[in-house]
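Worksheet for the structure shown next.
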Amino acid sequence: MTAGHAASLPGDLAAVLNAAWQLLEAAAGDIAAPLRTPVVIGLADNVPDGRVMVLRECHPSTAQLIFHTDLRSSKAKNLQRDSRVAIVGYDATRALQLRLQGRAHFQTDEAAIDAAWRATSPTARRNYATHLPPGARLESAGDGQPESIDDATARRNFARMIVDIAHIDWLNLAATGHSRAVFDASAGGWTGTWRVP
1 MTAGHAASLP
11 GDLAAVLNAA
21 WQLLEAAAGD
31 IAAPLRTPVV
41 IGLADNVPDG
51 RVMVLRECHP
61 STAQLIFHTD
71 LRSSKAKNLQ
81 RDSRVAIVGY
91 DATRALQLRL
101 QGRAHFQTDE
111 AAIDAAWRAT
121 SPTARRNYAT
131 HLPPGARLES
141 AGDGQPESID
151 DATARRNFAR
161 MIVDIAHIDW
171 LNLAATGHSR
181 AVFDASAGGW
191 TGTWRVP
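Note that the UniProt record's numbering has the sequence shown beginning at 1, numbered continuously upward.
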C-alpha cells in the first residue's frame with residue numbers, strides 16, 4: 001500500500017472494521033449522516049427489490065442493524081419468505097461505500113417493540129395507521145392516512161427489523177488510489193482481507 005492509500009484508509013484491517021461499525025453506529029443517531037439512509041435490498045420472487053430505509057440502531061457487539069417497517073408491507077412479507085438482504089450506503093464526504101450482507105428477522109420481544117413505538121414521533125406513527133397496506137392502489141394521489149389515527153392499530157402494524165450482518169465490504173475512493181477491505185463473520189469472529197478495489 002502506498003502512502004497515498006494509507007492516508008485514506010485506517011492502517012490495518014482491525015481498524016477498518018472498527019471504523020465501519022463506528023460510522024454505522026454514529027449514523028443511527030444522526031439524522032444528517034449519509035449512512036443513516038442506506039438502500040436495503042431483499043428478494044421479491046427472486047428479483048432484487050431495494051428501497052431506502054432509515055437506520056434506527058446499530059449494535060456492533062452483536063453485528064446487528066435495526067430498521068422500522070410496516071408488517072403489512074410487501075418488503076416484510078418477502079423477508080419472511082427469504083431473509084437474505086444486502087445493504088448499500090455511501091458517504092460522499094468521505095468517498096466511502098459500505099456494502100453489507102446479512103439475514104433479517106423481526107423482533108418478537110413485545111417490551112422492546114413497545115419501547116421503540118413509544119420513542120417514535122406522532123408524525124412517524126401516522127405511517128403505520130393507514131387503512132390499506134403500503135403499496136396498495138389508491139384512486140387518486142395521497143398518502144392513504146386517516147383523519148385521526150388509532151394508536152393501537154398503528155402499533156400492531158409497526159415492526160423492528162433486525163439484520164444480522166455477516167459480510168462487510170468497505171470501499172474508500174481517493175484521488176491517490178482506491179482501497180478496499182472485506183470482512184466475513186464466523187463463530188470465531190470477523191476475518192478481514194484486503195481486496196483490489
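Note that the Cβ used here is the ideal one computed from N, Cα and C, for glycine as well. These figures come from a predicted structure and were not determined experimentally.
Straight-line CA distance for residue i to residue j?
i: L13; j: T191; result: 9 Å
i: residue 201; j: E57; result: The question about residue 201 has no answer, for the chain in this structure spans 1 to 197.
i: A27; j: M161; result: 17 Å
i: R137; j: H68; result: 22 Å
i: R72; j: P134; result: 7 Å
i: A141; j: H178; result: 45 Å
i: W170; j: R84; result: 19 Å
i: A112; j: D91; result: 30 Å
i: T176; j: A15; result: 20 Å
i: T108; j: D143; result: 28 Å
i: G11; j: E139; result: 56 Å
i: I168; j: M53; result: 18 Å
i: A115; j: T153; result: 16 Å
i: W194; j: G188; result: 19 Å
Nearest CA to the CA of residue i: which residue from the options?
i: E147; options: A20, P134 and T130; result: T130
i: L96; options: L24, A86 and G29; result: L24
i: V88; options: P60, R51, S73 and T62; result: R51
i: D164; options: P122, I31, T123 and L79; result: L79
i: L173; options: T93, D109, I149 and E110; result: T93
i: G29; options: A44, H59 and V16; result: H59
i: A63; options: T120, R126 and L17; result: L17
i: A86; options: V39, S186, G11 and A185; result: V39
i: D150; options: I168, P122 and E139; result: P122
i: S61; options: Q22, M53 and D45; result: Q22
i: K77; options: D45, M53 and T108; result: D45
Is it true that the CB of residue j sits closer than 8 Å to the CB of residue i?
i: I41; j: P48; result: yes
i: G102; j: A166; result: yes
i: R155; j: W117; result: yes
i: A20; j: L98; result: yes
i: L55; j: R36; result: yes
i: Y128; j: F158; result: yes
i: R126; j: Q145; result: yes
i: L132; j: D82; result: no
Assign residue i to buried or exposed, taking buried as 16 or more other Cβ atoms, counted over all protein chains shown, within 10 Å of its Cβ.
i: I31; result: exposed
i: L100; result: buried
i: D184; result: exposed
i: K75; result: buried
i: A104; result: buried
i: D70; result: buried
i: M1; result: In this predicted model, M1 has a pLDDT of only 36, less than 50, meaning its place in the structure is not dependable; the value taken from the coordinates is given anyway. Per the 10 Å Cβ criterion, exposed.
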